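Heads up, the thing below is written out as structure tokens.
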């Protein structure tokens, strides 16, 4: 049983390193376009975060369970079927109801005129198709930092 | 209601009362090896020891997660309170990870099931360094059984066998011939073999190769280590076929090792290994400290100028570990 690795010193006992950011990524309901969420999962992995990948056809309940049990710091919702105005605020409400204080970030196809409404209903940030990898990671980090 | 700043003993009390968020936060603290993790370990260790710990391991894509999902479904139907620890690898380059096991379990799990994904965070061997501590915590707050799903492993990542009471090795058709089955490593440590994807051609060939491997273990006397011949079962995790039988086989194994004293032996062995690993980690920190220490750069210079061999330098460092 090996215990010694190159990283073990950094992982070693007593160290109080900053908490690893853990993000739950999901698509709600019947939205089968999962190319984007896979790209985002990879972006966040390569930015050093831990992604709990739930993928397609998730319910609010599944996401709430995952955030609770995984002690996640943020939820990323990928939305490509124009359901964002309906589903994203409900997700925010479901998390609030479970007393889980984590930011919800929506990525995907969101018309500019919907952004204000989503923000008013508690969505922490919206990322569109033009967002760079650096931007995606920075927005997650900022949203998490704003809650802690 | 934020859990920030709630002291670990209070989180532990709440977790004992069934609060999942407090349990989840405790796991995070154990994973980080934060200041409070020592106190958590003490609280948890005093109450642990009731859960049967099942390790599920096998190569990437062999169906471990789907099979674990099926198992968890059966456990929920049996009105047990299972917990799952699903381990996936961290990137060696960035430390990030994609934890994709939960997605195969959530839908089939009962509300009493607790599922936690863990990244290896730099640890080799198929598990994360914090796994024993997290298993202890889940056990202490009343989850039973605790199922550990390892990262997809090759031949030598055998950590799980040192952590679980029952080690299940998942194989699939097309994994290689009988020579592969006779190589040393993971296969030697299985308590139960699952040939998954049994609906595919070649499943019976795999079973035959494993049977032959076990025959040879008997012939060489190696099987006396456990005193039991591991069962070999065929399953199809996608349809759930064989999953019931898998749970019954796990229970048979548990009953057998409980009555023949193996369970106690294994747990003693496990405690010893964990104490050793912890002590080694502390020693390693101390060595790193010494190597950073100014006066030891002199020793290192002797090595680089070829006046002392690396082993001699190491002995000088090791001598400094003694008080």
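Protein chains in written order, with our numbering: chain A, 1 to 148; chain B, 149 to 471. For every residue, glycine included, the Cβ atom is placed at its ideal position computed from N, Cα and C. In this text, all values refer to a predicted model and were calculated from it rather than measured experimentally.
Best match in the options for proximity to residue i [C-alpha to C-alpha]
i	options	result
residue 401(B)	185(B), 201(B) and 153(B)	201(B)
residue 46(A)	240(B), 278(B), 226(B) and 150(B)	240(B)
residue 166(B)	243(B), 259(B), 364(B) and 203(B)	259(B)
residue 48(A)	148(A), 140(A), 147(A) and 146(A)	140(A)
residue 206(B)	264(B), 345(B), 456(B) and 177(B)	345(B)
residue 410(B)	430(B), 339(B) and 348(B)	339(B)
residue 390(B)	370(B), 209(B) and 215(B)	215(B)
residue 341(B)	173(B), 210(B) and 179(B)	210(B)
residue 72(A)	151(B), 362(B), 451(B) and 336(B)	151(B)
residue 275(B)	234(B), 288(B), 291(B) and 263(B)	234(B)
residue 471(B)	434(B), 316(B), 456(B) and 191(B)	434(B)
residue 226(B)	265(B), 396(B) and 183(B)	396(B)
residue 22(A)	312(B), 170(B), 168(B) and 176(B)	176(B)
residue 381(B)	348(B), 319(B) and 333(B)	319(B)
residue 314(B)	281(B), 272(B), 347(B) and 394(B)	394(B)
residue 286(B)	317(B), 164(B) and 186(B)	164(B)
residue 196(B)	289(B), 221(B), 296(B) and 354(B)	289(B)
residue 302(B)	419(B), 256(B), 293(B) and 272(B)	272(B)
residue 126(A)	106(A), 136(A) and 112(A)	106(A)
residue 120(A)	76(A), 92(A) and 68(A)	92(A)
residue 413(B)	187(B), 375(B), 255(B) and 182(B)	375(B)
residue 59(A)	36(A), 87(A) and 39(A)	87(A)
residue 279(B)	194(B), 208(B) and 426(B)	426(B)
residue 181(B)	277(B), 408(B) and 371(B)	277(B)
residue 168(B)	133(A), 38(A) and 65(A)	65(A)
residue 399(B)	455(B), 199(B) and 194(B)	199(B)
Extent of the continuous beta strand (DSSP E) to which residue i belongs
i	result
residue 314(B)	314 to 319
residue 297(B)	294 to 297
residue 379(B)	379 to 382
residue 177(B)	Looking at the DSSP string, residue 177(B) is not in any beta strand (DSSP E); the run it does join, the alpha helix (DSSP H), is 168 to 180.
residue 24(A)	22 to 28
residue 108(A)	104 to 108
residue 127(A)	125 to 127
Where the alpha helix (DSSP H) containing residue i begins and where it ends
i	result
residue 439(B)	410 to 440
residue 50(A)	Run containing residue 50(A): none in the alpha helix (DSSP H); it sits in the beta strand (DSSP E), 50 to 58.
residue 74(A)	Unbroken run through residue 74(A) is the beta strand (DSSP E), 74 to 79; no alpha helix (DSSP H).
residue 139(A)	133 to 147
residue 96(A)	84 to 97
residue 201(B)	No alpha helix (DSSP H) holds residue 201(B); the beta strand (DSSP E) holding it covers 201 to 206.
residue 121(A)	Here residue 121(A) belongs to no alpha helix (DSSP H), and DSSP marks it neither H nor E.
residue 190(B)	185 to 195
residue 38(A)	35 to 46
residue 155(B)	Element bounds for residue 155(B): n/a, residue is neither H nor E.
For residue j and residue i, believed in contact at Cβ under 8 Å, the rounded distance
i	j	result
residue 70(A)	residue 43(A)	The Cβ separation is near 19 Å, so there is no contact.
residue 29(A)	residue 83(A)	6 Å
residue 306(B)	residue 333(B)	7 Å
residue 78(A)	residue 122(A)	Contact flag wrong, Cβ pair sits at about 18 Å.
residue 221(B)	residue 257(B)	7 Å
Cutoff 8 Å; reference residue i; Cβ partners in own chain excluding five residues on either side
i	result
residue 8(A)	Low per-residue confidence applies at residue 8(A): pLDDT is 30, beneath 50, and the placement is therefore not dependable enough to give any value.
residue 358(B)	319, 329, 335, 341, 343 and 380
residue 85(A)	114, 117 and 118
residue 431(B)	469
residue 187(B)	156 and 157
7 Å Cβ shell around residue i - same chain, five flanking residues per side excluded
i	result
residue 10(A)	Unreliable placement is indicated for residue 10(A), whose pLDDT of 34 sits below 50; no coordinate value is reported for it.
residue 270(B)	238
residue 144(A)	21, 73, 74 and 103
residue 162(B)	170
residue 299(B)	235, 236, 237, 268 and 274
residue 265(B)	234, 236, 247, 249 and 250
residue 41(A)	25, 51 and 53
residue 310(B)	418 and 421
residue 438(B)	444, 465 and 468
residue 192(B)	284, 285 and 288
6 Å CB neighbourhood of residue i in its chain, flanking five on each side removed
i	result
residue 322(B)	350
residue 223(B)	230
residue 458(B)	451
residue 447(B)	461 and 464
residue 385(B)	211, 214, 215, 218 and 344
residue 154(B)	none
residue 417(B)	none
residue 50(A)	20 and 22
residue 109(A)	80
residue 378(B)	338, 339, 340 and 341
Residue i Cβ short of 7 Å to the ligand MN heavy atom set
i	result
residue 450(B)	This structure simply doesn't include the ligand MN, nor any ligand for that matter.
Which whole runs of the beta strand (DSSP E) in the region 223 to 248 of chain B are 3 residues long or more, in chain order?
231 to 236 and 245 to 247
What are the uninterrupted segments assigned as beta strand (DSSP E) that are 3 or more residues long and contained completely in the region 254 to 294 of chain B, given in chain order?
262 to 267
Write down every uninterrupted run of the beta strand (DSSP E) in the region 341 to 392 of chain B whose length is 3 residues or greater and which is fully enclosed by it, in chain order.
379 to 382
Fully enclosed by the region 439 to 470 of chain B, which alpha helix (DSSP H) runs are 4 residues long or longer?
444 to 452 and 458 to 469
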